[in-house]
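With the numbering used here applied, the sequence shown corresponds to residues 44 to 224, in that order.
To start, the structure under review is shown below, and the notes come after it.
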Amino acid sequence: MLLMETANRIQKELMLTAYLFEYPTEDWWTNLLDYAEAAREVERPQTREVLTEFFEYVVESDRREFEDAYVRTFDFSQNTNLYLTTHNRTDFGKQSEEMLAYKQLFLDSGFDIDRELPDYLPAILELAAAVPEERAEYILSQVRPKMELLRDRLIEAKLPYAFLIDVVLTEAASLVGRSAS
């Protein structure tokens, strides 16, 4: 949580969003209330509202039911999984190229990913939170079309995770405005 305390506004929002997209492990549940508290301190009112409401939803949920819903949403659904190269998978050669491009995003930012595939949305959000804003803007612009597709599918399925994608897309747009000025 120390990293969260020293993060700037955008980094904090990206880290909180990444956290909410991660698989709810025992450690995840242990840290839930600390992250929920950090969400209450988010500066941007609209983002704070989305994040705090989502954390409240999780806290009020039955743990087993929440985990089952998470698995159904992201692990058992080809349409709404968190691996961004699988959403339009019609050409495995193209998917391999996309995977290499995602891997390159990490390497070019001075990071390597060893526990997840490089197209895993929470890992990409954590990467964007760990780099300077100009680099974060570039990373988020590269994944924006895939995030928009995932958002549309989450909306179609009436899943609250769509609001978290909105937080990321809003942050990405605010970075574009910053670097242009």
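The beta carbon of each residue, even a glycine, is placed where N, CA and C say it ideally should be.
What you are looking at is a predicted structure, and each value in this text was computed from that prediction instead of being measured.
Consult DSSP for residue i and reduce its assignment to one of helix, strand or coil.
i, result
"Tyr113", "helix"
"Tyr126", "strand"
"Tyr163", "strand"
"Asp118", "helix"
"Glu214", "helix"
"Ser139", "helix"
"Arg158", "coil"
"Ser184", "helix"
"Leu202", "coil"
"Tyr105", "At residue 105 the sequence reads Asp, which differs from the Tyr that was named. If DSSP states are grouped into helix, strand and coil, Asp105 belongs with coil."
"Val93", "helix"
At the level of alpha carbons, what is the spacing between residue i and residue j?
i, j, result
"Leu76", "Lys55", "15 Å"
"Arg196", "Asn51", "30 Å"
"Ala165", "Leu127", "Checking the sequence, you will find Pro at residue 165 rather than Ala. Taking the straight line joining both Cα atoms gives about 11 Å."
"Ile53", "Phe154", "19 Å"
"Ile208", "Glu169", "14 Å"
"Phe97", "Glu214", "17 Å"
"Ile251", "Tyr78", "The structure shown has nothing for residue 251, since the chain only spans 44 to 224."
"Leu63", "Leu192", "19 Å"
"Phe24", "Pro188", "The structure shown does not extend to residue 24, since the chain is modelled only from 44 to 224, so the question has no answer here."
"Lys137", "Arg115", "27 Å"
"Glu99", "Arg91", "12 Å"
"Ser224", "Gln89", "Its pLDDT being 45, under 50, Ser224 is placed unreliably in this model, and the value from its coordinates should be taken loosely. If you take the alpha carbons of Ser224 and Gln89, they lie about 23 Å apart."
"Thr68", "Pro161", "20 Å"
"Lys146", "Ile156", "8 Å"
"Arg194", "Tyr204", "8 Å"
"Lys201", "Asn124", "15 Å"
"Glu180", "Val174", "10 Å"
Could you tell me if residue i is buried or exposed, where buried requires 16 or more neighbouring beta carbons within 10 angstroms of its beta carbon?
i, result
"Leu143", "exposed"
"Thr93", "The identity of residue 93 in the sequence shown is Val, whereas the question assumes Thr. Buried is the call here."
"Val85", "buried"
"Phe119", "exposed"
"Val219", "exposed"
"Tyr163", "buried"
| task | At 4 residues or longer, and completely inside the segment 66-90: list those alpha helix (DSSP H) runs for me, N to C. | result | 69-82
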